[in-house]
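Peer 1: Below: one structure in structure tokens.
2 protein chains.
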Amino acid sequence: MNETTTASPSRRTLLGWGGAGLALGAAAAGGTAAALRLGDGSQPAASAGDAVPFHGAHQAGIATPVQDRLHFAAFDVTTTDRAALVALLKEWTAAAAAMTAGREVGDGESSDYADNAELPPDDTGEALGLKPSRLTLTFGVGPGLFEKDGKDRFGLKSRRPQALIDLPAFPGDNLDPARSGGDLCVQACADDPQVAVHAIRNLARIGMGRVAIRWSQLGFGKTSSTTPDAQTPRNMMGFKDGTRNIAGTETDRLDKHVWVSEKDGPDWLAGGSYLVARRIRMHIETWDRASLKDQEDTFGRTKAEGAPQGKQREHDEPNLKAMKDNAHVRLAHPDSNNGVTILRRGYSFTDGTDGLGRLDAGLFFIAYQRDVRDGFVPLQRRLAAKDALNEYIQHVGSAVFAVPPGVRDKDDWWGRALFA
Amino acid sequence: MNETTTASPSRRTLLGWGGAGLALGAAAAGGTAAALRLGDGSQPAASAGDAVPFHGAHQAGIATPVQDRLHFAAFDVTTTDRAALVALLKEWTAAAAAMTAGREVGDGESSDYADNAELPPDDTGEALGLKPSRLTLTFGVGPGLFEKDGKDRFGLKSRRPQALIDLPAFPGDNLDPARSGGDLCVQACADDPQVAVHAIRNLARIGMGRVAIRWSQLGFGKTSSTTPDAQTPRNMMGFKDGTRNIAGTETDRLDKHVWVSEKDGPDWLAGGSYLVARRIRMHIETWDRASLKDQEDTFGRTKAEGAPQGKQREHDEPNLKAMKDNAHVRLAHPDSNNGVTILRRGYSFTDGTDGLGRLDAGLFFIAYQRDVRDGFVPLQRRLAAKDALNEYIQHVGSAVFAVPPGVRDKDDWWGRALFA
Numbered sequence: 001m002n003e004t005t006t007a008s009p010s011r012r013t014l015l016g017w018g019g020a021g022l023a024l025g026a027a028a029a030g031g032t033a034a035a036l037r038l039g040d041g042s043q044p045a046a047s048a049g050d051a052v053p054f055h056g057a058h059q060a061g062i063a064t065p066v067q068d069r070l071h072f073a074a075f076d077v078t079t080t081d082r083a084a085l086v087a088l089l090k091e092w093t094a095a096a097a098a099m100t101a102g103r104e105v106g107d108g109e110s111s112d113y114a115d116n117a118e119l120p121p122d123d124t125g126e127a128l129g130l131k132p133s134r135l136t137l138t139f140g141v142g143p144g145l146f147e148k149d150g151k152d153r154f155g156l157k158s159r160r161p162q163a164l165i166d167l168p169a170f171p172g173d174n175l176d177p178a179r180s181g182g183d184l185c186v187q188a189c190a191d192d193p194q195v196a197v198h199a200i201r202n203l204a205r206i207g208m209g210r211v212a213i214r215w216s217q218l219g220f221g222k223t224s225s226t227t228p229d230a231q232t233p234r235n236m237m238g239f240k241d242g243t244r245n246i247a248g249t250e251t252d253r254l255d256k257h258v259w260v261s262e263k264d265g266p267d268w269l270a271g272g273s274y275l276v277a278r279r280i281r282m283h284i285e286t287w288d289r290a291s292l293k294d295q296e297d298t299f300g301r302t303k304a305e306g307a308p309q310g311k312q313r314e315h316d317e318p319n320l321k322a323m324k325d326n327a328h329v330r331l332a333h334p335d336s337n338n339g340v341t342i343l344r345r346g347y348s349f350t351d352g353t354d355g356l357g358r359l360d361a362g363l364f365f366i367a368y369q370r371d372v373r374d375g376f377v378p379l380q381r382r383l384a385a386k387d388a389l390n391e392y393i394q395h396v397g398s399a400v401f402a403v404p405p406g407v408r409d410k411d412d413w414w415g416r417a418l419f420a
Numbered sequence: 001m002n003e004t005t006t007a008s009p010s011r012r013t014l015l016g017w018g019g020a021g022l023a024l025g026a027a028a029a030g031g032t033a034a035a036l037r038l039g040d041g042s043q044p045a046a047s048a049g050d051a052v053p054f055h056g057a058h059q060a061g062i063a064t065p066v067q068d069r070l071h072f073a074a075f076d077v078t079t080t081d082r083a084a085l086v087a088l089l090k091e092w093t094a095a096a097a098a099m100t101a102g103r104e105v106g107d108g109e110s111s112d113y114a115d116n117a118e119l120p121p122d123d124t125g126e127a128l129g130l131k132p133s134r135l136t137l138t139f140g141v142g143p144g145l146f147e148k149d150g151k152d153r154f155g156l157k158s159r160r161p162q163a164l165i166d167l168p169a170f171p172g173d174n175l176d177p178a179r180s181g182g183d184l185c186v187q188a189c190a191d192d193p194q195v196a197v198h199a200i201r202n203l204a205r206i207g208m209g210r211v212a213i214r215w216s217q218l219g220f221g222k223t224s225s226t227t228p229d230a231q232t233p234r235n236m237m238g239f240k241d242g243t244r245n246i247a248g249t250e251t252d253r254l255d256k257h258v259w260v261s262e263k264d265g266p267d268w269l270a271g272g273s274y275l276v277a278r279r280i281r282m283h284i285e286t287w288d289r290a291s292l293k294d295q296e297d298t299f300g301r302t303k304a305e306g307a308p309q310g311k312q313r314e315h316d317e318p319n320l321k322a323m324k325d326n327a328h329v330r331l332a333h334p335d336s337n338n339g340v341t342i343l344r345r346g347y348s349f350t351d352g353t354d355g356l357g358r359l360d361a362g363l364f365f366i367a368y369q370r371d372v373r374d375g376f377v378p379l380q381r382r383l384a385a386k387d388a389l390n391e392y393i394q395h396v397g398s399a400v401f402a403v404p405p406g407v408r409d410k411d412d413w414w415g416r417a418l419f420a
């Protein structure tokens, strides 16, 4: 096995479709090169066509430099059979390892369906010929997996992390149950949206009869950066927000604010994290009628440069007292929140029109943190109560998931320690 | 004026936000270099950051090499005042010229709002710092502009083209009125989705009180190529479809099948075209359970290479008799349709989930043709009656628009000849 091949920008092959051979696919499957994975102090490689290694201490897609596009899916578990669920997670893990390496589902397997035209292909095929595109697939488990309607569905109730709370209601929430919750989630990020959509679609297909998609969200543009000193992409309000994000190379901050430690517990989650997703609709027509001054006062930043008010450049240290009391940056800043810091990985969305001639657009907010009770919850309590931005936004979807540590090697699988 | 600057990959500037100056913006506004525009026999430049010239004999976004992403919007005209509508079209044209050149709305105008922080900025700002990204904005007028509910709303009834028919009902149609029709449309294509979304959002904003978005559609991935010999991107079924598309360099085929000629009439549409949009939902879960053989027989192509059945390469001339009678390629081929040929410019979409655990995904089909009655209508009649693909798809949205010729110069505007 060549341990470095997965990091090179290998093109997806047609292996498995024409029966041409299996050697390359098998070699890629065993690769565990970590050159692209951040969180271990290494630098990111920049090419959009590259593969991000799937195996490691942490799941990729958290500290990984933010990719351009997102497809996020929450699943309901429909089977009541623990063994069937475990089998699914093993199948998902194998498929995720293949797809993130730029291979098709089922490549290199002895039972490869595509060798038999009388059966459906293992892979749906729409990513054939596309590059790995830095695809990451990040897996999480929701509260409902541990207990639902008072039932301990899979014998996991005692293993529920204390920090995996049901999120409290916040002032102003207008949550749609059809866009909230979920027993499992997969965050697919890639520089090519077709690669991200393909990955979720194939996982859903593999899960047929055992899980069903509860909701899904396409994010067309990233709004955050986990690359130090990079400019923060603008959100749909035209502003840079969350400019002092945790960078994937900041090991200390990741350990302090993102990764669950062994002493935090539970054991099965050490090296993992917690994910909060919020679908935040923006009333962009109202926002667009606000003056430039009002907009800048609302965020506490200049619009053109994204600098904190009174400063010159985006990454200048903000002077919070130069902002209005209810400015978003002032309220969200760690100095106003006893140091509360989250890793943001949100994406802009536009999902057509709302029937009133308004775009259904906004921010699909994703945050990772070491403990939701010390991360999103206190931060959002403060923002929901006071933020000037509340005039222009509404939270319409919500979910929380515990994100297990990375898959260590070929024999490991998503959730193995949880089900052990 | 430097007549070549618009074709160079100039970055969007911050002009107009800081009052820093107007010279560059004004220079770009006057540029009419046609190096990137196809349909005149020139070759495309490849850089994704470039600007596509806005002015020309034909609107850009038809023969232009297909960009990666789409945001399409249909508008209802809400004003009853012809002068207000004309004023809007002039404002839209100026904004479109600016945005396609990579500038902000209002840049270079003496009344630039952004010089006054007490007013809303002219531009919503989320594309600041992004490249032009080959943005094209293609404008069309629907049947309702000429006559609605028996009323001649704007004195245009006599100017309605005979070829701008209301599309007939086709077998299998399941059209949602909320995703169909529209008095006006704008097709925004760009290699960066944020640039396309920004453009539609700003046009909607400019139109407030005069038009309202009726429906809009994001397309995350192109499914067609208008570049000769390029590989056709795969659709959500994993297949290459429409491989023998009209290329932007094929002047003869464009004149024969796409551009309305002077003798076709009406005068105001000479150099224009007709656009048919169909939202085609794919039952991908059903498709994914079909065998590889069934899938290939359905299209009449191999899945891996996209070659016509019995042939080796995608662009090999198909042998229609080697396919099943109801194979999609066989039925759609010009040889089966008295030479009927359309220019395809469709995009894949994924709009979340349908409430039954299925992805709401498929193809947002866009076709341009010289006459709908000799293009989409006979082709779709044949397909709707016989196509094997009908088992796996359903048309759920539909619209038709007449697309005026290009905006000639700074003094011209979208629809000028129509309203003359």
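Residue numbers (the UniProt record's numbering), protein chains in the order written: chain U, 1 to 420; chain L, 1 to 420. Where is the CB? At the ideal position from N, CA and C, for every residue including glycine.
Quick one: what's got a C-beta closer than 6 Å to R281 (chain L)'s C-beta in the same chain, skipping five residues either side?
Peer 2: Closer than 6 Å at Cβ, skipping near neighbours: G362, Q394, V396.
Peer 1: Short of 6 Å in beta carbon distance, which residues of its chain neighbour F419 (chain U), apart from the five on each side in sequence? Order them along the chain.
Peer 2: The answer, listed in chain order, is V86.
Peer 1: Quick one, which of U:P168, U:I62, U:T78, U:Q217 has its alpha-carbon nearest D354 (chain L)'s?
Peer 2: Comparing Cα-Cα distances from D354 (chain L) to each of U:P168, U:I62, U:T78, U:Q217, the minimum goes to U:Q217.
Peer 1: Listing by chain order, which chain U residues have their CB less than 9 Å from the CB of W215 (chain L)?
Peer 2: Result: G352, T353.
Peer 1: Identify the contact partners of E118 (chain U) in chain L, using a Cβ-Cβ distance below 7 Å as the criterion.
Peer 2: Within 7 Å Cβ-Cβ: S291, K293.
Peer 1: Which first and last residues belong to the alpha helix (DSSP H) in which T353 (chain U) is found?
Peer 2: Premise fails: T353 (chain U) lies in the beta strand (DSSP E), 347 to 353, not in any alpha helix (DSSP H).
Peer 1: Straight-line CA distance for F239 (chain L) to V400 (chain U)?
Peer 2: Looking at the two C-alpha atoms, the distance is approximately 36 Å.
Peer 1: Let me know the secondary structure DSSP gives K240 (chain L) once reduced to three states.
Peer 2: Of the three classes helix, strand and coil, the one that applies to K240 (chain L) here is strand, per DSSP.
Peer 1: I believe A307 (chain L) touches D316 (chain L) by the beta-carbon criterion, under 8 Å. Please report the beta-carbon distance rounded to the nearest angstrom.
Peer 2: Yes, they are in contact, since the Cβ atoms of A307 (chain L) and D316 (chain L) sit about 6 Å apart, within 8 Å.
Peer 1: Using a Cβ-Cβ cut-off of 9 Å, state whether K410 (chain L) counts as contacting chain U.
Peer 2: Output row for K410 (chain L): interface = no.
Peer 1: Indicate the three-state DSSP secondary structure (helix, strand or coil) for P193 (chain U) in the structure shown.
Peer 2: It is helical.
Peer 1: How big is the Cα-Cα spacing for F299 (chain U) and K324 (chain U)?
Peer 2: Cα-Cα distance, rounded: 9 Å.
Peer 1: Can you tell me whether DSSP reads S336 (chain L) as helix, strand or coil?
Peer 2: Here S336 (chain L) sits in helix by DSSP.
Peer 1: Quick test of the definition: if touching needs 3 or more C-beta pairs under 8 Å, does the segment 114 to 132 of chain L touch the segment 218 to 231 of chain L?
Peer 2: They do not touch, by the three-pair rule.
Peer 1: Between which two residues does the alpha helix (DSSP H) containing F376 (chain L) stretch?
Peer 2: 376 to 386 is the span of the alpha helix (DSSP H), which, as asked, contains F376 (chain L).
Peer 1: Could you name the residues of chain L that P121 (chain U) contacts, counting a contact when the two beta carbons are closer than 9 Å?
Peer 2: The answer, in chain order, is G238, D288, S291, L292, Q295, K303.
Peer 1: Using the three-state DSSP reduction, which class does T136 (chain U) fall into: helix, strand or coil?
Peer 2: If DSSP states are grouped into helix, strand and coil, T136 (chain U) belongs with the strands.
Peer 1: DSSP three-state label for P177 (chain U), please.
Peer 2: P177 (chain U): helix per DSSP, three-state reduction.
Peer 1: Indicate, with yes or no, if the ligand ZN has a heavy atom lying under 8 Å from the CB of L343 (chain U).
Peer 2: Although the ligand ZN was asked about, the structure shown includes no ligands whatsoever.
Peer 1: Measure the alpha-carbon distance for H198 (chain L) versus W413 (chain U) and round it to whole angstroms.
Peer 2: Taking the straight line joining both Cα atoms gives about 41 Å.
Peer 1: In chain order, what residues of the same chain have a beta carbon less than 6 Å from the beta carbon of R256 (chain U), not counting five sequence neighbours either side?
Peer 2: It should be pointed out that residue 256 (chain U) corresponds to Lys in this sequence rather than to Arg. So the list is empty, once near-sequence residues are dropped.
Peer 1: What three-state label does DSSP hand A367 (chain L) in the structure shown?
Peer 2: Note: A367 (chain L) maps to strand in three-state DSSP.
Peer 1: Going residue by residue through the segment 72 to 108 of chain L, where are the continuous alpha helix (DSSP H) segments of at least 4 residues, counting only ones entirely within it?
Peer 2: As far as the segment 72 to 108 of chain L is concerned, its whole alpha helix (DSSP H) runs of at least 4 residues are 82 to 100.
Peer 1: Identify whether R301 (chain U) lies in helix, strand or coil by the three-state DSSP scheme.
Peer 2: Strand, per DSSP.
Peer 1: Under a Cβ-count criterion, where at least 16 other Cβ atoms within 10 Å of its own Cβ denotes burial, should G221 (chain L) be classed as buried or exposed?
Peer 2: Per the 10 Å Cβ criterion, buried.
Peer 1: Assign K303 (chain L) to buried or exposed, taking buried as 16 or more other Cβ atoms, counted over all protein chains shown, within 10 Å of its Cβ.
Peer 2: With 16 or more Cβ atoms within 10 Å of its Cβ, K303 (chain L) is classed as buried.
Peer 1: Does any C-beta atom of chain L lie closer than 9 Å to the C-beta of G235 (chain U)?
Peer 2: Here residue 235 (chain U) turns out to be Asn, not Gly, going by the sequence shown. Yes, its Cβ sits closer than 9 Å to a Cβ of chain L.
Peer 1: Could you tell me the distance, in whole angstroms, from the CA atom of Q59 (chain L) to the CA atom of A101 (chain L)?
Peer 2: Computed Cα separation, rounded: 14 Å.
Peer 1: To which residues of the same chain is V195 (chain U) closer than 7 Å at the C-beta, ignoring the five residues directly before and after it?
Peer 2: Closer than 7 Å at the Cβ level, and outside the excluded window around V195 (chain U), lie A127, L130, S133, L135.
Peer 1: Within its chain, find whatever has a CB closer than 8 Å to the CB of K157 (chain U); leave out the 5 residues flanking it on each side and keep chain order.
Peer 2: Result list for K157 (chain U): F146, E147, in chain order.
Peer 1: What residues in the segment 274 to 287 of chain U bring their beta carbon closer than 9 Å to a beta carbon of chain L?
Peer 2: Those would be I284, E285, W287, in chain order.
Peer 1: Alpha carbon to alpha carbon, what distance is there between Q162 (chain U) and V77 (chain U)?
Peer 2: Taking the straight line from one Cα to the other gives about 22 Å.
Peer 1: Looking at L275 (chain L) and Y368 (chain L), is the spacing between their C-beta atoms short of 9 Å?
Peer 2: Cβ distance < 9 Å, so Y368 (chain L) and L275 (chain L) count as in contact.
Peer 1: With DSSP collapsed to three states, give me the class of F419 (chain U).
Peer 2: In this structure, F419 (chain U) counts as helix in the three-state DSSP scheme.
Peer 1: Determine the chain U residues that contact E314 (chain L) at a beta-carbon separation under 7 Å, and present them in chain order.
Peer 2: Result: empty, since nearest Cβ-Cβ is about 11 Å, beyond 7 Å.
Peer 1: Take the Cβ of G41 (chain L) as the centre, count every other Cβ of all protein chains shown within 10 Å, and call the residue buried at 16 or more, exposed below.
Peer 2: Interpretation of G41 (chain L) is limited by its pLDDT of 32, a score under 50 that renders its predicted location unreliable; the figure taken from the coordinates is listed afterwards. G41 (chain L) comes out exposed.
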